[in-house]
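Asks: Those protein sequences? They're chains A and B, same order as listed. Each residue of the first sequence is one higher than the one before, starting from 684 at the first, in the numbering used here. Each residue of the second sequence is one higher than the one before, starting from 9 at the first, in the numbering used here. Yeah, the Cβ is synthetic: ideal placement off N, Cα and C, and Gly gets one too. Quick caveat, the model's predicted, so the values are computed rather than measured.
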Amino acid sequence: DAGVIQSPRHEVTEMGQEVTLRCKPISGHNSLFWYRQTMMRGLELLIYFNNNVPIDDSGMPEDRFSAKMPNASFSTLKIQPSEPRDSAVYFCASSFLGGGAEKLFFGSGTQLSVL
Amino acid sequence: DAKTTQPTSMDCAEGRAANLPCNHSTISGNEYVYWYRQIHSQGPQYIIHGLKNNETNEMASLIITEDRKSSTLILPHATLRDTAVYYCIVRASNTGKLIFGQGTTLQVKP
Chain A
684 DAGVIQSPRH EVTEMGQEVT LRCKPISGHN SLFWYRQTMM RGLELLIYFN
734 NNVPIDDSGM PEDRFSAKMP NASFSTLKIQ PSEPRDSAVY FCASSFLGGG
784 AEKLFFGSGT QLSVL
Chain B
9 DAKTTQPTSM DCAEGRAANL PCNHSTISGN EYVYWYRQIH SQGPQYIIHG
59 LKNNETNEMA SLIITEDRKS STLILPHATL RDTAVYYCIV RASNTGKLIF
109 GQGTTLQVKP
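Right under this line is the structure:
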């Protein structure tokens, strides 16, 4: 298995532009997580899905952020409009949730810079 | 989820055992202890987890005290590649959410 695949690896954009981050989870996993990491705030959970349904989006900073999971093999995190304070590394992770403890597998992240 | 407390940083000599402590005094009976690590610029990587008993795998050993209020991650023979931030997390098995704290920065020195 190729693991969790995120794209793009790096994104540089100007303030006000729309940004779309993409994630392909590991095949067979039923849960998907979006995290954001900055030096100041560390790793923050933004939202997670179970069976393609958003379960907890309490970490989504504001209405400019939205996430979708149209099917079990694809998810997007969109920022519109983007702001310089959104600059961070965004990680996607997936797992199989059910029947006991499970472990998350993380992608390599998207480094976002908003100028 | 129970809160965890870890030292901010630790050093370890290459080839020696690295012992990383974690306090989780408010852990509930159904909460597991997980350890992840993050090597610079990479995504976090699962290491090990446990509920009550000590656990060992190819990466590390996890020692959980009998009262489950603390645990220790042991890297038996640390190498320079083990330099990373190590996160201790407690979580109930059916909640899905994994909340990361600040972790312990382990520096393995030659």
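Taking only three categories from DSSP, how would you classify L787(A)?
Replies: coil
Asks: Measure the Cβ-Cβ separation of A25(B) and P84(B) and say whether it is below 8 Å.
Replies: yes
Asks: DSSP on D746(A), reduced to helix/strand/coil?
Replies: coil
Asks: Find the nearest neighbour of V93(B) within the set V41(B), E39(B), S49(B), judged by alpha-carbon distance.
Replies: V93(B) has its Cα closest to that of S49(B), out of V41(B), E39(B), S49(B).
Asks: Taking all protein chains shown into account, decide if D90(B) is buried (16 or more other Cβ within 10 angstroms of its Cβ) or exposed.
Replies: buried
Asks: For chain A, find out if any of its Cβ atoms is closer than 8 Å to the Cβ of G51(B); answer yes or no.
Replies: yes
Asks: Contact criterion: CB-CB distance below 8 Å. Does S791(A) meet it with respect to chain B?
Replies: So yes, S791(A) belongs to the interface.
Asks: So, are the CB atoms of R692(A) and T759(A) less than 8 Å apart?
Replies: The answer is no: Cβ separation not under 8 Å.
Asks: Where DSSP assigns a beta bridge to P635(A), which residues make up the other side?
Replies: Here chain A comprises residues numbered 684 to 798, so residue 635(A) is not present and cannot be evaluated.
Asks: Work out the CA separation of Q700(A) and S78(B) for me, nearest whole Å.
Replies: 46 Å
Asks: Name the DSSP bridge partner or partners of M18(B)?
Replies: L114(B)
Asks: Below 8 Å, can you find three or more Cβ-Cβ pairs linking the stretch 770 to 784 of chain A to the stretch 710 to 722 of chain A?
Replies: yes
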